[in-house]
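J.:
Number of protein chains: 2
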Amino acid sequence: MKIEEYLEQKRLEVDQFLEHYIPHTQTTPAILYEAIRYSLFAGGKRIRPILTIASAEALGQPPKALLPVACAFECIHTYSLIHDDLPAMDNDDFRRGKLTNHKVFGEAIAILAGDGLQTLAFELCSRPDLVHDVEPQRQIQVIYELALGAGNQGMVGGQVLDMQAEHQVADLATLQQIHHHKTGRLIRAAVRAGALLSGATPTQLDHLTRFAEHIGLAFQIADDVLNVTGTQEELGKAPKTDAQRGKQTYPALYGVERAQALAQECINRALDCLHPFDHKADPLREIARYIVNRRH
Amino acid sequence: MKIEEYLEQKRLEVDQFLEHYIPHTQTTPAILYEAIRYSLFAGGKRIRPILTIASAEALGQPPKALLPVACAFECIHTYSLIHDDLPAMDNDDFRRGKLTNHKVFGEAIAILAGDGLQTLAFELCSRPDLVHDVEPQRQIQVIYELALGAGNQGMVGGQVLDMQAEHQVADLATLQQIHHHKTGRLIRAAVRAGALLSGATPTQLDHLTRFAEHIGLAFQIADDVLNVTGTQEELGKAPKTDAQRGKQTYPALYGVERAQALAQECINRALDCLHPFDHKADPLREIARYIVNRRH
Chain A
257 MKIEEYLEQK RLEVDQFLEH YIPHTQTTPA ILYEAIRYSL FAGGKRIRPI
307 LTIASAEALG QPPKALLPVA CAFECIHTYS LIHDDLPAMD NDDFRRGKLT
357 NHKVFGEAIA ILAGDGLQTL AFELCSRPDL VHDVEPQRQI QVIYELALGA
407 GNQGMVGGQV LDMQAEHQVA DLATLQQIHH HKTGRLIRAA VRAGALLSGA
457 TPTQLDHLTR FAEHIGLAFQ IADDVLNVTG TQEELGKAPK TDAQRGKQTY
507 PALYGVERAQ ALAQECINRA LDCLHPFDHK ADPLREIARY IVNRRH
Chain B
257 MKIEEYLEQK RLEVDQFLEH YIPHTQTTPA ILYEAIRYSL FAGGKRIRPI
307 LTIASAEALG QPPKALLPVA CAFECIHTYS LIHDDLPAMD NDDFRRGKLT
357 NHKVFGEAIA ILAGDGLQTL AFELCSRPDL VHDVEPQRQI QVIYELALGA
407 GNQGMVGGQV LDMQAEHQVA DLATLQQIHH HKTGRLIRAA VRAGALLSGA
457 TPTQLDHLTR FAEHIGLAFQ IADDVLNVTG TQEELGKAPK TDAQRGKQTY
507 PALYGVERAQ ALAQECINRA LDCLHPFDHK ADPLREIARY IVNRRH
């Protein structure tokens with residue numbers, strides 16, 4: 257199967273699950289669910305949940321609990337986008353070619369929709385009717401991974417580091433620390449969660465963890481590069497915003513070409529980590545390549 | 257033991273736990289931990305975690321996992337206060353006699369501190385070194401309770417309902433729905449979590465759940481009344497803000513005296529639910545009485 261087909265198929269599975277389990281706007285309070293669904297179905301690539309799925313599939317037969325856990329990572333990712341776009345943060349008007357959440361629903365609802373989406377992530381991972389065919393101990397471990405990836409030593413912490421570094425002279429150590437926290441930890445957690453749900457041995461978990469760390473860094477470098485080279489149409493938002501904001505990025509530090517080469521190096525290292533795995537890890541391999549080749 | 261002594265002792269236990277497990281400001285990013293600790297140690301009464309503890313104690317010997325779970329409820333409560341105070345929400349400058357989080361750290365950090373505190377709640381409930389002496393299935397159930405109490409059908413949803421009802425004509429059904437979601441669900445979850453951790457039977461859980469629902473409503477009515485009758489000194493913030501904002505409250509609907517009588521009725525019903533329990537439930541009984549008699 258070609259990677260585009262794989263991604264499309266898994267994206268549909270994720271969308272169908274979210275469509276079914278994230279309440280419709282007739283649920284009270286309607287405006288909250290409308291705001292949550294507005295951002296959740298804004299055309300995201302579902303990279304994080306697909307990584308969870310592909311990671312589980314690399315090890316064999318994943319449990320039914322896989323999809324809710326995978327979708328929990330999308331909830332966390334979406335909530336972070338809603339809050340990042342707020343006037344007090346990046347103050348963005350557009351995201352994926354659509355008005356940002358607070359532009360449509362107002363700041364208060366946007367804050368609450370983000371808050372509710374975070375809670376929803378943990379609800380999906382602990383719902384008794386959804387996550388019942390996995391060893392409870394593993395399930396708790398997955399919830400812990402999700403919390404570590406999303407929290408103060410993960411995504412939230414990375415967002416703070418990113419803000420603090422704006423308009424400062426870029427250095428590699430700071431840049432790595434920002435990327436590691438802001439993007440890397442959640443991607444790492446998404447991959448580990450899938451592995452844990454499929455009963456990974458400690459060695460398998462270790463290989464997949466290092467794979468995830470390399471693609472996480474590549475993902476952020478590629479994002480930085482796209483912000484410089486992408487068009488408004490490709491990005492669904494204004495390009496070159498990082499430079500305007502004085503954000504620390506790899507292209508700012510090394511130039512576009514060297515940054516692209518660095519991302520490719522990360523992918524090569526990631527692929528090396530998958531050596532012990534058979535063809536069932538092919539989707540993971542292709543996702544890794546896709547991360548540096550995508551145009552949006 | 258007098259209730260004041262009990263509350264003080266349990267408050268100290270909660271504070272000591274939080275002090276030990278919520279990282280100090282030397283952890284990176286320092287400003288994030290500083291902001292989190294600023295609000296977490298702003299002098300809260302720790303009612304929610306104490307309810308979790310008292311509920312567990314009512315049933316016998318609680319596990320060590322009790323304190324982290326109890327403190328998770330305080331993390332959720334504190335994050336909600338930080339976000340509620342934001343300019344886009346209630347736009348409050350003072351809370352418990354101190355400047356609100358965004359007044360000290362700025363809006364962006366206040367949003368992120370709230371986000372990180374919510375994640376921390378789920379981290380505390382799933383940390384393998386903290387929550388190891390409880391049946392994993394029960395632990396997952398507790399995490400699910402926490403998510404339900406905090407989320408879109410709980411606290412977050414209630415906040416949305418509350419905002420929507422501002423400057424509208426108050427009616428009892430709306431008011432009950434707001435209170436039930438905004439305050440009631442998290443208090444209910446706090447009590448249920450303690451009961452679940454102590455191995456409650458379905459019948460015991462049912463009694464304690466109804467107890468929690470009654471005190472939850474009483475708690476919010478008492479809060480509404482205090483907002484009218486309390487002084488700046490007692491409240492640690494400006495009094496009578498609800499009326500200025502056109503908030504729907506029990507005193508607005510019934511007047512202060514009738515509202516106080518209603519709160520007392522709720523407490524009487526709550527105490528009835530504790531009939532099947534022995535003296536180990538005395539702290540729960542005293543907390544119920546304290547809720548309507550407190551002056552802040």
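Order-wise, the sequence lines are chains A and B.
Using the numbering used here, you'd call the opening residue of the first sequence number 257 and step up by one each time.
Using the numbering used here, you'd call the opening residue of the second sequence number 257 and step up by one each time.
C-beta atoms are modelled at their ideal positions from N, C-alpha and C, and glycine is treated no differently.
(1) Could you spell out where the alpha helix (DSSP H) holding A:Gln272 opens and where it closes?
(2) For B:Ile259, I'd like the list of residues in its chain whose CB is within less than 6 angstroms of its CB, leaving aside the five on either flank, ordered along the chain.
(3) Relative to the C-alpha of A:Glu489, which residue among A:Arg351, A:Ile309, A:Ala406 is closest?
(4) May I ask you to list, following chain order, the residues of the stretch 293-309 of chain A that have a beta carbon less than 7 angstroms from some beta carbon of chain C?
(5) Mind checking which residues open and close the alpha helix (DSSP H) that includes A:Phe329?
(6) If I measure Cβ to Cβ from B:Phe475 and keep anything under 7 angstroms in the same chain, skipping five residues before and after, which residues do I get?
(7) Using a threshold of 9 angstroms, state whether the C-beta atoms of A:Val447 and A:Val484 are closer than that.
(8) At which residues does the alpha helix (DSSP H) containing A:Pro507 begin and terminate?
(9) Can you have a look at B:Lys496 and say buried or exposed, based on whether 16 or more other CB atoms are within 10 angstroms of its CB?
(10) With distances taken between CB atoms, is the gap from A:Ala445 to A:Gly405 smaller than 9 angstroms?
(11) Kindly indicate which three-state DSSP category B:Arg351 falls into: helix, strand or coil?
(12) Does B:Lys320 pass the burial test, meaning 16 or more other C-beta atoms within 10 Å, or should it be called exposed?
(13) Within 10 angstroms of its Cβ, does B:Phe297 collect 16 or more other Cβ (buried), or is it exposed?
(14) Are the C-beta of B:Gln420 and some C-beta of chain A separated by less than 9 angstroms?
(15) Please list, in chain order, all residues of the same chain as A:Met419 whose beta carbon is under 6 angstroms from its beta carbon, the five residues on each side excluded.
(16) Thinking C-beta only, is A:Pro324 closer than 9 angstroms to B:Ile396?
(17) Indicate the three-state DSSP secondary structure (helix, strand or coil) for B:Gly413 in the structure shown.
(18) Alpha helix (DSSP H) containing A:Leu464: first to last residue?
(19) Determine the closest residue to A:Gly316 out of A:Asp534, A:His358, A:Gly492, A:Arg550, with distance taken between C-alpha atoms.
(20) For chain B, is any of its Cβ atoms less than 9 angstroms away from the one on A:Cys327?
(21) Determine, for B:Asn408, whether the minimum Cβ-Cβ distance to residues of chain A falls below 9 angstroms.
(22) Can you name, in chain order, every residue of its own chain whose Cβ lies under 8 angstroms from the Cβ of A:Asp403, other than the five neighbours on each side?
(23) Could you tell me which of B:Ala344, B:Gly353, B:Gln374 sits nearest to B:Glu363, measuring between CA atoms?
(24) For the putative contact between B:Ala449 and B:Thr308, defined by C-beta atoms under 8 angstroms, what is the C-beta separation to the nearest angstrom?
(25) Using DSSP with H/G/I as helix, E/B as strand and the rest coil, what is B:Asn408?
(26) State the Cα-Cα distance for the pair A:His436 and B:Pro392, rounded to the nearest angstrom.
(27) Are any of the Cβ atoms in chain B nearer than 9 angstroms to that of A:Glu490?
(28) Where do the ends of the alpha helix (DSSP H) carrying B:Val360 lie?
(29) Along chain B, which residues have their Cβ under 8 angstroms away from the Cβ of A:Ala403?
(30) Give a yes or no on whether the minimum CB-CB distance between A:Asn371 and chain B is below 9 angstroms.
(31) Please report the residue range of the alpha helix (DSSP H) in which A:Ala312 lies.
(32) Go ahead and label A:His339 buried or exposed: buried means 16 or more other beta carbons lie within 10 angstroms of its beta carbon, across all protein chains shown.
(33) Which residues mark the beginning and the end of the alpha helix (DSSP H) in which A:Leu296 is found?
(34) Let's test the definition: count the other Cβ atoms within 10 Å of the Cβ of A:Ala499 and tell me whether it reaches 16, buried, or not, exposed.
(35) Check each residue of the stretch 473-489 of chain A: if its Cβ is closer than 9 angstroms to any Cβ of chain B, include it; give the result in chain order.
T.: Inspection of the coordinates gives the following:
(1) 259-277
(2) Glu542, Tyr546
(3) A:Arg351
(4) In the structure shown, chain C does not exist; the protein chains are A and B.
(5) 322-341
(6) Thr439, Ile443, Ile547
(7) no
(8) 506-510
(9) exposed
(10) yes
(11) strand
(12) exposed
(13) exposed
(14) yes
(15) none
(16) no
(17) helix
(18) 458-485
(19) A:Asp534
(20) no
(21) yes
(22) It is worth fixing the name first, because residue 403 of chain A is Ala in this sequence and not Asp. Cβ neighbours of A:Ala403 beyond the five flanking positions: Phe378.
(23) B:Ala344
(24) 5 angstroms
(25) coil
(26) 31 angstroms
(27) no
(28) 357-361
(29) Thr375, Leu376, Phe378, Glu379, Ser382
(30) Position check: residue 371 of chain A holds Asp in this sequence, whereas Asn was assumed. Closer than 9 angstroms: yes.
(31) 303-314
(32) buried
(33) 286-296
(34) exposed
(35) none
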